[in-house]
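Remarks on the structure that follows.
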Ligand SMILES: Cc1ncc(COP(=O)(O)O)c(C=O)c1O
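Numbering (our numbering), first residue to last: 149 to 513.
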């Protein structure tokens, strides 16, 4: 039995009639850009995310960029981020003309909160923790540091819809939160889509304006903005999916628990969930001494797998000028040589998981 890394088609088949009729409605209503579906999604997502305002936009990278623009980040500013994430987290800072300041991760793959304060300088404007793989960063500690140093906090929540720390939803601790609805995400559209969340009406209004050419009213451009609106088709798909996200999240958590239990005595190191946290397992990431050999063995036996991510961001060619060395990020450096993401999606069965575990256990390398 082969086990794919993800299976978006299985989810489509599970709710095919609902998806097909939602798409047909958008076409027959010609509700293509923003409009009633996006508006409905914003209200629905605010309720789900337990936050005052959701502003939809074109993707999760734009969402981060727009929030940085709202907060006035520009040349000369520094923003603190973890060394391990998808490149968007760093590049949105650089493309504002500001400098990303990288901090090593801890054993949960999120920013090491004990190393943040030593990176704060007079130029530091904010912190952007990432709830990587669906694991919440330690938001109470991050907020304590941010308040002490008067910094903003944008929670990059692209991989963590529904995650919680101490019973509180992520993306509600900081100044604002940013979500991606890229198709493979825990809540994914059928194309690119993103969203900003905040309890501040002022931030929400400004974000909405920037995402729509700086116009609070049609043809009244009070500032220069950009075109970053959610399209109606994506919003309609997301409205179909949203009522099921809790079920899917619980399925992910159950799959992760089964993996962790069955891999207890194996040669891989399983993920650590912080005390009191709700990890929503966008990815189930393990470590192995011979990661590349294990990956080949999995591939040879029809088991999908991937690396998230092979290189810590500070070592990407685009940040070579910052002059970091491996000694600056020992945990991220070691992790990137050992991590492998195993198949994880709600529609997986116990048989799929057992097959993955069996294959890992049969690796002699
Ligand atoms: C942590 C993180 N931040 C930001 C993004 C950007 O989202 P998008 O692909 O929707 O632009 C992603 C997407 O992969 C991500 O994983």
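Ideal Cβ placement from N, Cα and C applies to all residues, glycine included.
### Query
Does DSSP put residue 268 in a helix, in a strand, or in coil?
coil
### Query
Between residue 481 and ligand 1, is the CB less than 7 Å from at least one heavy atom?
no
### Three-state secondary structure assigned by DSSP to residue 498
helix
### Query
Assuming residue 272 and residue 297 make a contact with CB atoms under 8 Å, what is their CB distance in whole Å?
7 Å
### Task
State the Cα-Cα distance for the pair residue 212 and residue 304, rounded to the nearest angstrom.
8 Å
### Task
Report whether the distance from the Cβ of residue 165 to the nearest heavy atom of ligand 1 is below 7 Å.
no
### Through-space distance from residue 310 to residue 327, alpha-carbon basis
11 Å
### Message
I'd like to know whether the C-beta atoms of residue 247 and residue 283 end up nearer to each other than 8 Å.
### Response
no
### Task
Just the C-alpha distance for residue 306 and residue 196, rounded to the nearest angstrom, thanks.
15 Å
### residue 342: CB within 7 Å of a non-hydrogen atom of ligand 1
yes
### Beta-carbon proximity list for residue 411, same chain, < 8 Å, skipping 5 on both sides
418, 434, 505, 508
### Query
Cα separation between residue 474 and residue 483?
12 Å
### Query
If you run the structure through DSSP and keep just helix, strand and coil, what is residue 273?
strand
### Query
Which of the three DSSP states, helix, strand or coil, is assigned to residue 425?
strand
### Query
Pick from 232, 380, 382, 353: whose alpha carbon is nearest that of residue 370?
353
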